[in-house]
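Beneath this line is the structure, given in structure tokens, with notes to follow.
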Amino acid sequence: MNALPKATMTLDDLKLDYATASTEQQKALVCRQAWDLVLSGPHEKVEARDWLAKEFPDLGPYQHELRLIVLNNPNASVLWDRIDGPEKMLVGTACSLLRKARKQGKSLTEVLAEYDMLPWKHLADGTKFRCASAGRHSQKKVAPATLAAPRTKLSAAHAGWSKFRAFGEQFMNELLEGMVLTDADRAALQERLDVVMSQAQAEMKLAVKRLREHSNLVKGTREVASRSKVVAACRSLAIDPPKPGQPADLDQARKQKRRLARAFHPDTNDGVTDLGGYQTTLAAYDTLEEYNQTLNPRAS
Amino acid sequence: MTVIASELNSNILSPRDVAGYKSDPKQPLFKRLAEFLQWAAVKHPKKISPWNVATKAVMGYDRTPSMTFKEVAHLRSTSSRARLFLMDKYQRDVVCIVGVGVRASAGDEDTYKTGMVKRARVLDRAALGVERTAAIIDIKNLSPESRAGMSIILGVCKGLPALRERLMLSAGKASDAGKKP
């Protein structure tokens, strides 16, 4: 065992001893002296930990307590040999071994023998320890890089585009039959063909979309007026909005339209130019009429 | 016609417009209605408040009640008392639009056009009615007591044509503008 440091009772001496200590055991002894110094002073026990952390910045969290636990154990000389020896056992590991021996009622030698059977774990910062389970220190298992399975079936749109492009290429090759072209010219032509065909495809999609909308209009399945529009129209006419999916009361709406149109008509307001109220009333009634027509096209 | 929802509700108060109003539940109902109409006249002048929206604001409901809700009819019945209170305290008149809603007049010009002209016309019609009724009564056939009262009325009736003429002159143009078609 290394020589223990002499007992010094001033803070500067303790700091100097701590800086010059070469082993963990020596540092633990200095820490214990510092702890005694703190408790003898005006500091409370809770403040003492903060004071130590402030005066010894390289002291890690709970490192002081762990050292004292090992230091106060009478059978811990074996552990100090391992901590300061070539194995460089962590103080935390030594503490956990002591705790394990106490809990399981075994001797420290038996616990150390079990510990020696465990495999080594290496951390990224160079420290190593023995660990039974993988736990949080084990390296994450990296799944072997697997390639996505090849798509056996193309989507309908993609397949359609491929057919369309193949047809364009065939058409272009027929046009170019008998001509001698360089690779650059052929690549430029291919690029131009792609642009033209993508434009044609977009126009075709738009035409189909319009055709579908027109078809829906003919079938009477056009988009229903939104609920917010209907409610706003009813509020404008000062009537109760219909329940969702139910038609609006058009008779009541017609009465209210006449009343409000009379109230807001420019002729009854000395020819005011603001037609907002009047036009809003008419528009609200039209909205409700359109909504009812959408719900039941035959009724109209 | 395509209508954007936000473009609607230009002259009608929506429930969202009155969301910031807090009524005093300790006050009687007609006072609460008058205070609400005063607030609406300042905040949203000339906007008509439907009765269900007014009920929501006055009663402090979270949701807008239906037009057929009994509290809506109850609030409507307090409008005449609210009118008196509003006239005394805030010098405003209550403008009711039948079947639609209510609002407080916004300014003297608005009060004249909406309230004064209408009441002048009512007075004119009442004076005409008094004249017509007086014309069919023969004072000789009345009892002495009734004859005394009738003579007083006939004295008043002598001034009625001039009163009617002045009323028509003062409110004629405006009443024509506000007349129902």
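Chains as they are written, first to last, in the working numbering: chain X, 59 to 358; chain D, 111 to 291.
Just so you know, even glycine gets a beta-carbon here, dropped at the ideal spot from N, CA and C.
All values derive from a computational prediction rather than experimental measurement.
Check	Outcome
Cβ separation of Q314 (chain X) and G259 (chain D), assumed to be a contact under 8 Å, to the nearest whole Å	In fact, because the Cβ distance is near 47 Å, the residues do not count as touching under 8 Å.
Simplified DSSP state of C292 (chain X), which is helix, strand or coil	helix
Chain X contact for S189 (chain D) (CB, 9 Å cutoff)	no
Buried versus exposed, by CB contacts within 10 Å (16 or more), A248 (chain X)	Note that residue 248 (chain X) is Gln in the sequence shown, not Ala. Result: exposed.
Residue interval of the beta strand (DSSP E) (run including K250 (chain D))	Neither: K250 (chain D) is in no beta strand (DSSP E) and is coded neither H nor E.
Residues of the stretch 208-227 of chain D whose Cβ lies closer than 9 Å to any Cβ of chain X, in chain order	V208, G209, V210, G211, K223
Simplified DSSP state of R202 (chain D), which is helix, strand or coil	coil
Residues that L318 (chain X) contacts on chain D, provided the C-beta gap is smaller than 7 Å	V210
Enclosing alpha helix (DSSP H) for R142 (chain D) [first to last residue]	139-153
Test item: CB-CB of S133 (chain D) and E145 (chain D) under 9 Å	yes
DSSP state of V212 (chain D) mapped onto helix, strand, coil	strand
Option in X:R250, X:M255, X:F187, X:K186 with minimal Cα separation from G218 (chain X)	X:M255
Per-residue DSSP class, three states only, for I158 (chain D)	strand
DSSP-derived helix/strand/coil call for K301 (chain X)	coil
C-beta neighbour in chain X for T178 (chain D), strict 9 Å	yes
Close beta carbons around A237 (chain D), own chain, < 7 Å, minus the five adjacent residues each side	L270, L273, R274
Buried or exposed by the 16-neighbour rule on C-beta atoms within 10 Å, applied to A77 (chain X)	exposed
Where the beta strand (DSSP E) containing K186 (chain X) begins and where it ends	186-188
Contact set between P160 (chain D) and chain X, taken where Cβ atoms lie within less than 7 Å	A296
First and last residue of the uninterrupted beta strand (DSSP E) at H180 (chain X)	178-180
Cβ-based burial, K198 (chain X) [other Cβ within 10 Å; buried from 16]	Confidence at K198 (chain X) is low in this model, with a pLDDT of 48, below 50, so the placement of that residue should be treated as unreliable; the coordinate-derived value is given next. When all chains shown are included, K198 (chain X) counts as exposed.
Segment contact, 8 Å Cβ cut-off, at least three pairs: the stretch 221-234 of chain D with the stretch 200-208 of chain D	yes
Neighbouring residues, chain D, relative to K313 (chain X) (Cβ below 9 Å)	G209
Y349 (chain X) beta carbon less than 9 Å from that of A291 (chain X)	yes
A321 (chain X) at chain D interface by Cβ criterion, 9 Å	yes
Spatial distance of P302 (chain X) from A296 (chain X) (CA atoms)	18 Å
Candidates D:K199, D:N121, D:K136, of which the one nearest G170 (chain D) by Cα	D:K136
The alpha helix (DSSP H) enclosing A92 (chain X), as first and last residue numbers	82-98
P125 (chain D) at chain X interface by Cβ criterion, 9 Å	yes
Delimiting residues of the alpha helix (DSSP H) encompassing I122 (chain D)	Run containing I122 (chain D): none; DSSP gives neither H nor E here.
For V169 (chain X) and A159 (chain X), believed in contact at Cβ under 8 Å, the rounded distance	4 Å
Member of D:V266, D:P125, D:R191, D:T188 whose CA lies at the smallest distance from the CA of E241 (chain D)	D:V266
Chain D contact for A306 (chain X) (CB, 9 Å cutoff)	no
Span separating the alpha-carbon of T165 (chain D) from that of T338 (chain X)	24 Å
Neighbour-count burial assignment, S215 (chain D), 16 or more Cβ in a 10 Å radius	buried
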